[in-house]
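Numbering (our numbering), first residue to last: 581 to 726. Ideal Cβ positions, reconstructed from N, Cα and C, are used throughout, including at glycine. Since we're looking at a predicted model, the values are computed, not measured. Reading through the C-alpha cells given below for one structure.
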Amino acid sequence: MSADTIAIAGDHGGLGLKQELTAFLKDAGHDVLDLGTNTTDSVDYPEFGFAVAEAIRDGRAGRGVLVCGSGIGISIAANRFTEIRAALIHDVTGARLCREHNDANVICFGGRMVGPDLATDCLQTFLNTDFEGGRHQRRVDKLSNP
Ligand code: RB5
581 MSADTIAIAG
591 DHGGLGLKQE
601 LTAFLKDAGH
611 DVLDLGTNTT
621 DSVDYPEFGF
631 AVAEAIRDGR
641 AGRGVLVCGS
651 GIGISIAANR
661 FTEIRAALIH
671 DVTGARLCRE
681 HNDANVICFG
691 GRMVGPDLAT
701 DCLQTFLNTD
711 FEGGRHQRRV
721 DKLSNP
C-alpha cells in the first residue's frame, strides 16, 4: 500500500454505491484499500471517515473515497483531520474544482443522493484532475493552520 493506493469506506447507507465504486476502481487497475463496512448492519459513519483519514495520514493511501447516506456526516468526520481535505460532491464540475482549487484528497458521496453512473464520472474526474497551485496553494496551506 502506498501513495498510489485509494482507500475506500462507508457506512450501511453508502454500501451499494461503495461496492459500485470499488469495482470501478479495481477494473481501472487501482490498488484499493477497502476499510469497510461490507454488510448492511447499521454502523456509525465517523468510524469509517476516520479510518480513511488515518490511512492517508499514515501513508497507507494517497487518496480516499467515502460514502454514507447523505455524504454529509462522513465528510465532516474526515475533515476533523488536518491532513484531510474531503469534498462532498454531487456533480462533475464540483469534482473538477475540488481538485483544481482545493487539492481535495478525499471525495465523498451520498449513496442516497447520487446514482452510480454520476458518482463514477465524478470519481474519474477527481482522479484525473491536477491541483492548479498558484494562488490556490496559499489558501490550501491556510486550511492546515486554523
Ligand atoms: C445513516 O442512516 C445516515 O445517517 C448516514 O449514512 C449519513 O447520511 C449521515 O450523515
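N- and C-terminal bounds of the beta strand (DSSP E) containing residue i
i, result
"I687", "686-690"
"G644", "643-648"
Test: residue i CB closer than 8 angstroms to a CB of chain C
i, result
"D591", "Any reference to chain C falls outside this structure, which holds one protein chain only."
Closer than 7 angstroms: residue i CB and nearest the ligand RB5 heavy atom
i, result
"G593", "yes"
"C688", "no"
"C678", "no"
Residue i, enclosing alpha helix (DSSP H) - first and last residue
i, result
"D584", "No alpha helix (DSSP H) holds D584; DSSP gives it neither H nor E."
"L597", "595-607"
"D697", "696-708"
"V623", "Note, V623: premise wrong, no alpha helix (DSSP H); not H, not E."
"L723", "715-723"
Contacting residues, own chain, Cβ-Cβ under 7 angstroms from residue i (five flanking each side not counted)
i, result
"E712", "E680, H681"
"L597", "V647, F689, G691, P696, A699"
Candidates the options, of which the one nearest residue i by Cα
i, options, result
"G609", "N725, L707, V720, K722", "L707"
"L646", "D721, L601, G714", "L601"
"R640", "E627, D611, R660", "D611"
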